[in-house]
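Chemist:
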Amino acid sequence: MKNDILGTRNLSKVLHLPWLIMITGLIVLSACNEDDTRPSINKDFMNEMEAARMKMMENMNAAPMTMDPDVDFANMMIPHHQGSVDMVNILLKYGKHDEALEIGRAALEADQASIDRLEQFLETHGDPVPQTGIDFMDDMDMVMMKMDEAMKAMHYTSDPDYDFAEMMIHHHQGAIDMSRVELEYGTAEKALEEAQMIIDHQEEEIIELARFRNEHGQPE
Numbered sequence: 704m705k706n707d708i709l710g711t712r713n714l715s716k717v718l719h720l721p722w723l724i725m726i727t728g729l730i731v732l733s734a735c736n737e738d739d740t741r742p743s744i745n746k747d748f749m750n751e752m753e754a755a756r757m758k759m760m761e762n763m764n765a766a767p768m769t770m771d772p773d774v775d776f777a778n779m780m781i782p783h784h785q786g787s788v789d790m791v792n793i794l795l796k797y798g799k800h801d802e803a804l805e806i807g808r809a810a811l812e813a814d815q816a817s818i819d820r821l822e823q824f825l826e827t828h829g830d831p832v833p834q835t836g837i838d839f840m841d842d843m844d845m846v847m848m849k850m851d852e853a854m855k856a857m858h859y860t861s862d863p864d865y866d867f868a869e870m871m872i873h874h875h876q877g878a879i880d881m882s883r884v885e886l887e888y889g890t891a892e893k894a895l896e897e898a899q900m901i902i903d904h905q906e907e908e909i910i911e912l913a914r915f916r917n918e919h920g921q922p923e
């Protein structure tokens, strides 16, 4: 009698097993379908942007240091601007939104013009005039590290236009912070003028980028 009862219970379990398998399969299939409908990250865009970021940081860290704040500022700001130029060119390859593309083209033009002025400054400045007993390099390293950490922490989405705006806000804030360090320690008139121009222009661009990002909305 006991064996009959156990046999009945086991048979009941076997009969219910296909239903359990079917229900579990439907749940898994439903979850997969939900994932399939979510836009995926544009990995090509992300990889190219990250490569441009790393190249920019490597070139900034490799810039020759002379202990002349004006010369060192120019030598670091040139690869920083080049990083922006490289990122804009990536946006022009993947972006689709007219407003983001327009902001990008304006940034490219302004940064290239600033590169030209900084290179001209280095050519005409003469030999570096090292300064001792100042915290220029410590302050510059700090703002560079802060910028890079913010850019590395960014979460990419499926939308290159949105991601470009987010990345460039951090990038431009880094340029502003670097320029403020130059204003504190620099002495050469042309370098100080360029630093102030960078602050003014990058602040305007951050406003435009933030407006686009907020109006465009974060992709799901």
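Going by this note's numbering, the sequence shown opens with residue 704, and the numbers climb by one from there. Where a beta carbon is used, it is the ideal one built from N, C-alpha and C, also for glycine.
(1) Going by beta carbon distance, what residues of the same chain come within less than 7 Å of residue 745, once the five residues before and after it are set aside?
(2) Span of the alpha helix (DSSP H) holding residue 788?
(3) From which residue to which residue does the alpha helix (DSSP H) around residue 807 run?
(4) How is the alpha helix (DSSP H) around residue 750 delimited, first residue to last?
(5) What are the boundary residues of the alpha helix (DSSP H) that includes residue 871?
(6) Would you mind working out which of 840, 820, 751 and 823 sits nearest residue 775, comparing C-alpha positions?
(7) Once you ignore the five residues that flank residue 755 on each side, which residues in its own chain have a CB closer than 7 Å to its CB?
(8) Is residue 891 helix, strand or coil when you go by DSSP?
(9) Going by other Cβ atoms of all chains shown within 10 Å of its Cβ, with 16 needed for buried, is residue 778 buried or exposed?
(10) For residue 823, is the classification buried or exposed, using 16 other Cβ atoms within 10 angstroms of its Cβ as the cut-off for buried?
(11) Could you work out which residue in 751, 770 and 911 is closest to residue 838 when comparing CA atoms only?
(12) Can you give me the start and stop residues for the alpha helix (DSSP H) that residue 846 sits inside?
(13) If you compare alpha carbons, which of 856, 749, 773 and 849 is closest to residue 829?
(14) Indicate whether residue 912 and residue 868 have their beta-carbon atoms separated by less than 8 Å.
(15) Here's the rule: buried if 16 or more other CB atoms are within 10 angstroms of the residue's CB, otherwise exposed. What is residue 882?
Modeler: Taking the structure as given:
(1) 797, 861 and 863
(2) 772-797
(3) 801-828
(4) 746-764
(5) 863-888
(6) 840
(7) 786, 789, 790 and 793
(8) coil
(9) buried
(10) exposed
(11) 770
(12) 839-855
(13) 773
(14) yes
(15) buried
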